[in-house]
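Residues in the sequence shown are numbered consecutively from 6, following the working numbering.
We put the CB at the ideal spot given by N, CA and C, even for glycine.
Here the structure is a predicted model, which is why all the values come from computation and not from measurement.
Notes follow once the structure below has been shown.
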Amino acid sequence: MKTFLKNCGLITFISLLHDSFSRRLQLPWCHGVTQDLHHHVLGLSHVTYSGEQDSMASKDPGGFLQQLRQVVSRMGSGPRGAGVGLKLLIGAGALAYGVKEATYTVEGGQRAIIFSRIGGMQMDTVLAEGLHFRIPWFQYPIIYDIRARPRKISSLTGSKDLQMVNIGLRVLSRPIASQLPIMYQQLGKDYDERVLPSIVNEVLKSVVAKFNASQLITQRAQVSLLIRRDLIERAKDFNIILDDVAITELSFSKEYTAAVEAKQVAQQEAQRAQFYVEKAKQDQRQKIIQAEGEAEAAKMLGQAVTKNPGYLKLRRIRAAQNIAKTVAASQNKVYLCADSLVLNLQDSSFDNLSLGK
């Protein structure tokens, strides 16, 4: 059955190729050959897969090959230019296929390594960008993207005071170009899937365990620096370069978050109460100072009046001026006696009052 299908496929291919070629060259002798090929293929197509018919086809393999030779001989019996053109057509197709399979292109930001069926991985060969050649079927290019790629990794770990912390990292990673053959042998092309999650969890657990939950918030810059340093050193063991490591998320459990919020509220209330106490103390000090100032002023005023009665007259004149200004500016009519307006400044009674007589 396999021989039957192979022969049918061969005849069909020759028929189609010869038919296409005859149409291009417009040679009348080709049409007869093509019709014979079509009739032969159609006759074979009616043969079904059964024990009887398969045995009939296998009994006379020489007849089938003889018919194929006759068809090929008829194809070669045409004009000489037709045979040469057919050979050139087949040769050009084979050459185009060979050139396509023998060349490949490495795009920008990529590197290629070569795997050979004979010698295996070529450990000392890393091809840069551009057009390259290979031996078809024997050599296969394996292309790596060496540009930095971002990746987000989250890890749930415990702090020094046994609080669960969820930390998210953003990592920019790329392979070391000169170590690509070793990376392919040990890790494959999905090196980031195999390596980064495990080493990130390892480093996060070791660093976070050195700090309390509150320190993770207040000393976030220091925590990020330690994680970055340890993670870069750990990735070098796998020939991976980390261009950037940053903490993107830092969250705690709901219970711890609620406790922290309650503590903050209590601290705010205590600070507010302390503020009120300090304010009351300041008001009290202000009143004491004000009272002491007023007492001292009264004492000094009494001493000034005792020493010089004219000082009291000066105060009465100033008071009379203020009263006069107020009355003049008012629209209401006010009747005041001279004594009420403290204009009796020259009376002897005022002098006696000033001297305490």
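Ser-164 and Val-213 do touch by the CB rule: their CB atoms are close to 6 angstroms apart, below 8 angstroms.
Residue nearest to Leu-185 within the set Gln-168, Ile-172, Asp-129 and Gly-173 is Asp-129 (criterion: CA-CA distance). Put simply, the backbone Cα of Glu-301 is about 12 angstroms away from that of Ile-293. Within a 10 Å sphere around the beta-carbon of Pro-155 sit fewer than 16 other beta-carbons, which makes this residue exposed. In the same chain as Asn-206, and ignoring 5 residues on each side of it, the C-beta atoms closer than 7 angstroms to its own belong to Ser-160, in chain order. Within the same chain, and ignoring the five residues on either side of Asp-197 in sequence, the residues whose Cβ sits closer than 8 angstroms to its Cβ are Arg-154, Arg-156, Ser-178 and Ile-245. By a beta-carbon distance limit of 8 angstroms, Ile-237 does not contact Leu-174. Their separation comes to about 12 angstroms.
When the beta-carbon positions are compared, Ile-158 and Val-170 stay at least 8 angstroms from each other.
Taken in chain order, the complete alpha helix (DSSP H) segments of 4 or more residues contained in the stretch 175-234 are 185-191, 196-213 and 218-223.
Taken through DSSP and simplified to helix, strand or coil, Leu-247 comes out as strand. Residue environment: Leu-136 is assigned as exposed (fewer than 16 neighbouring CB atoms within 10 Å of its CB, all protein chains considered).
The shortest CA-to-CA distance from Gly-125 to any of Leu-132, Gln-336, Leu-93 and Pro-146 is the one to Pro-146. Distance between Tyr-149 and Glu-254, taken at the CA atoms: about 31 angstroms. One Cα belongs to Arg-152, the other to Ala-240, and the distance between them is close to 16 angstroms.
Judged by DSSP in its simplified three-state form, Met-126 adopts strand. Under the three-state reduction of DSSP, Glu-266 is assigned to helix. Judged by DSSP secondary structure, Ser-121 falls within the beta strand (DSSP E) whose first and last residues are 115-121. Nearest to Gln-168 by alpha-carbon distance, out of Pro-141, Glu-260 and Tyr-189, is Glu-260. One Cα belongs to Phe-243, the other to Met-188, and the distance between them is close to 8 angstroms. As the crow flies, the alpha-carbon of Arg-277 is around 49 angstroms from that of Gln-326. Rounded to whole angstroms, Ala-101 and Ala-107 show a C-alpha spacing of 10 angstroms.
Counting the other CB atoms within 10 Å of its CB gives Leu-230 a total below 16, which places it among the exposed residues. Bridge partners of Arg-154 according to DSSP: Ser-178. Boundaries of the beta strand (DSSP E) harbouring Phe-138: 135-138, taken from the DSSP string. By the neighbour-count criterion, in which 16 or more other beta carbons inside 10 Å mark a residue as buried, Ile-322 falls on the exposed side. In this structure, DSSP gives Asn-337 a state outside helix and strand, which the three-state scheme calls coil. Straight across, the Cα-Cα distance linking Pro-180 with Gly-98 is about 40 angstroms.
For Val-111, the enclosing beta strand (DSSP E) covers residues 108-111.
Bridge pairing for Thr-162: Val-170 [DSSP].
Within its own chain, the residues whose Cβ lies closer than 6 angstroms to the Cβ of Asp-248, once the five positions on either side in sequence are excluded, are Ala-153 and Leu-177, listed in chain order. Per DSSP, the beta-bridge partners of Tyr-149 are Arg-116. When secondary structure is reduced to three states using DSSP, Phe-143 falls in the coil class, being assigned neither helix nor strand. Classified as exposed, Arg-199 has fewer than 16 neighbouring CB atoms from the shown chains inside 10 Å of its CB. With a cutoff of 8 angstroms on beta-carbon distance, Ile-119 and Arg-139 are scored as near each other. Sequence-distant partners of Leu-192 (beyond 5 residues in either direction) whose C-beta falls short of 8 angstroms from its own C-beta, in its chain, are Arg-199, Val-200 and Phe-243.
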